[in-house]
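Engineer:
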Amino acid sequence: RLATLATLVAEVEGEAGGVREELGERVRARVAELGVEVEAGRLEQEVALLAMRADIQEEVIRLRAHLATFTAALEADGPVGRRLDFLCQEMVRETNTIGSKSSRLSITERVMRLKETIEQVREQVQNLE
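Dropping the structure here:
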């Protein structure tokens, strides 16, 4: 299941490429529909701001870090159940943030699969001490 999570995270990261260009095209199309004159520099500022809000790179980095920590905890001696449960909570939190930032259906679908898989892992973790 951890391998599935890592694969899904990589797919989400791959799907996130080109978001700035896509947002720029959408904003320009909406401005054109409205027939409003907007200064080019101002339009680029707005696109940059939207792109920053939609950027999921930090969440992807944290998800990868949580997966690495999870794997290391599994290999450690001693009780790890609570720690792994906490890591599952953190992974769900990062996944939810990615879902809320994304406007692409392909990313939303992967977010749903991530959440399902994390929940399956969490159920298994709750049986550990």
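Yeah, the sequence shown ends on 134 if you go by our numbering, and it's all consecutive. From the three backbone atoms N, C-alpha and C, an ideal C-beta is built for every residue, glycine too.
If the criterion is Cβ atoms closer than 8 Å, does the pair A11 and L72 meet it?
Structural biologist: In this structure, L72 lies closer than 8 Å to A11 by Cβ.
Engineer: Restricting to runs no shorter than 4 residues, where is the alpha helix (DSSP H) found entirely within the region 20–81?
Structural biologist: 24–39, 45–59, 62–80
Engineer: What is the DSSP secondary structure of G83, reduced to helix, strand or coil?
Structural biologist: coil
Engineer: According to the Cβ coordinates, are R25 and V52 closer than 8 Å?
Structural biologist: Contact flag set, yes.
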